[in-house]
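J.: One structure, pasted below without further comment.
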Amino acid sequence: MMIHPEGWKPAKGYANGVLAEGRILHVGGQIGWTAEQVFEAQDFIGQMVQALRNIVAVVEAAGGRAEHVTRLTWFVTSKAEYLAHQAEVGAAYREVMGYHFPAMTMVVVAALVEDDAKVEIEATAVLPSDS
Numbered sequence: 004m005m006i007h008p009e010g011w012k013p014a015k016g017y018a019n020g021v022l023a024e025g026r027i028l029h030v031g032g033q034i035g036w037t038a039e040q041v042f043e044a045q046d047f048i049g050q051m052v053q054a055l056r057n058i059v060a061v062v063e064a065a066g067g068r069a070e071h072v073t074r075l076t077w078f079v080t081s082k083a084e085y086l087a088h089q090a091e092v093g094a095a096y097r098e099v100m101g102y103h104f105p106a107m108t109m110v111v112v113a114a115l116v117e118d119d120a121k122v123e124i125e126a127t128a129v130l131p132s133d134s
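Below is the structure:
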């Protein structure tokens, strides 16, 4: 259940809080490389899509679906690049995650461990007890 305090302006593209009950899955930071650890995309959007697909793959391997993701923490190497592509970010996000917007945080970092990575996203998912 999405939590939104009374009187607050609407959250756009994220939730302020998510209340969930079930089995908790912590997904380590996923970057924009494939299962073979190859970067097929060098651009921010391509890497973002792949990182989200990687998250969904881990969630599905545990028996869940994208809508079970309750939190995403994004680490990006360029705030300017992220902001310059807002429309594409939204469309690409919805392509992978649908219209499911969990609690989210974005942190701008100087670099990521993999030199070619532009984004790393970690997730928490709460899967139903019967999944």
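The working numbering applies: residue 4 is where the sequence shown begins, and numbers increase by one. Think of the CB as a built atom: it goes at the ideal place given N, C-alpha and C, for glycine as much as any other residue.
Just to confirm my understanding: we take Pro13, look at its own chain, exclude 5 residues before and 5 after, and list those with CB closer than 8 Å. What are they?
T.: Excluding sequence neighbours, Pro13 sits near His7.
J.: Taking the alpha carbon of Val79 as the reference point, which residue from Thr108, Met100 and Val99 has its own alpha carbon closest?
T.: The option with the nearest alpha carbon to Val79 is Thr108.
J.: What's the gap between the Cα of Met5 and the Cα of Ala38?
T.: For Met5 and Ala38, the distance between alpha carbons rounds to 32 Å.
J.: Label Gln53 either buried or exposed according to how many other C-beta atoms from any shown protein chain fall within 10 Å of its C-beta, with 16 as the threshold for buried.
T.: By the neighbour-count rule (16 or more Cβ atoms within 10 Å), Gln53 is buried.
J.: Report buried or exposed for Ala87, applying the criterion of at least 16 other Cβ atoms within 10 angstroms of its Cβ.
T.: It counts as exposed.
J.: Starting from Glu125, follow its DSSP beta bridges and name the residues at the other end.
T.: Thr76.
J.: Verify whether the separation of the beta carbon atoms of Glu84 and Phe47 is less than 7 Å.
T.: Closer than 7 Å, so yes.
J.: Determine the extent of the beta strand (DSSP E) in which Met107 is found, giving its start and end residues.
T.: Per DSSP, Met107 belongs to the beta strand (DSSP E) from Ala106 to Val111.
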